[in-house]
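**Student:** Please read through the structure below; I'll follow up with questions.
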Amino acid sequence: MAKVNQTAVDNTVPEDEIISDDLRVVLLTINFCYICQFIDVIGTATNIVNIICFIKQGFRDTVNISLFALSVADLICLLALLLNNILLNPLIYDLPFFPFDPFEIVYITAFWPHVVFARISACITAFISTERCLCVAFPLK
Numbered sequence: 025m026a027k028v029n030q031t032a033v034d035n036t037v038p039e040d041e042i043i044s045d046d047l048r049v050v051l052l053t054i055n056f057c058y059i060c061q062f063i064d065v066i067g068t069a070t071n072i073v074n075i076i077c078f079i080k081q082g083f084r085d086t087v088n089i090s091l092f093a094l095s096v097a098d099l100i101c102l103l104a105l106l107l108n109n110i111l112l113n114p115l116i117y118d119l120p121f122f123p124f125d126p127f128e129i130v131y132i133t134a135f136w137p138h139v140v141f142a143r144i145s146a147c148i149t150a151f152i153s154t155e156r157c158l159c160v161a162f163p164l165k
């Protein structure tokens, strides 16, 4: 009997890497040190301006309270991301005076606070959206 449905596939992973380690370090440095830091600094500055504006407007309206809480949660989220970008800089790994691995520290001090406050921001955004939807659906009730 003839074997008609035979195929041969090479499932081995090539020995060559997709990118070299030097290129990886350069890409991570550009990403963490320049692009993410630039966006983080702009976001931090605008959240500080928003917080100042909401404090000057007062907290008589529920929308001001909600938007103030959203700005504070976003600010803390961005500050955790700032620490994350500093500690995950590939150039820090080669410094001899660090008695710790930056990856171990960044997990507790930056990753978790960033995730927690990003989720808090998402919950506040959902609350604001629901409040606005109810104001449109049931006006003056």
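Residue numbers for the sequence shown, in the numbering used here: 25 to 165. Note that the Cβ used here is the ideal one computed from N, Cα and C, for glycine as well.
I need the DSSP call for N113, collapsed to helix, strand or coil.
**Tutor:** coil
**Student:** Could you tell me if D85 is buried or exposed, where buried requires 16 or more neighbouring beta carbons within 10 angstroms of its beta carbon?
**Tutor:** For D85, the number of other beta carbons within 10 angstroms of its own is below 16, and it is reported as exposed.
**Student:** So, F141 versus A97, is the Cβ gap smaller than 8 Å?
**Tutor:** In contact: F141 and A97 (Cβ atoms closer than 8 Å).
**Student:** Starting from P126, trace the alpha helix (DSSP H) in both directions and tell me its first and last residue.
**Tutor:** Annotation: the continuous alpha helix (DSSP H) that includes P126 extends over P126 to V130.
**Student:** Taking the alpha carbon of F78 as the reference point, which residue from V65, I116, G67 and S95 has its own alpha carbon closest?
**Tutor:** S95
**Student:** Alpha carbon to alpha carbon, what distance is there between L107 and K114?
**Tutor:** The sequence shown places Pro at residue 114, not Lys. Taken atom to atom, the span from the alpha-carbon of P114 to that of L107 is near 14 Å.
**Student:** What runs of the beta strand (DSSP E), each 3 residues or longer, lie entirely inside the stretch 37-108?
**Tutor:** none
**Student:** When the Cβ atoms of the stretch 98-105 are set against those of the stretch 128-141, are three or more pairs found closer than 8 Å?
**Tutor:** yes
**Student:** Once you ignore the five residues that flank G67 on each side, which residues in its own chain have a CB closer than 8 Å to its CB?
**Tutor:** D98 and L102
**Student:** Is the CB-CB distance between F62 and N109 below 8 Å?
**Tutor:** no
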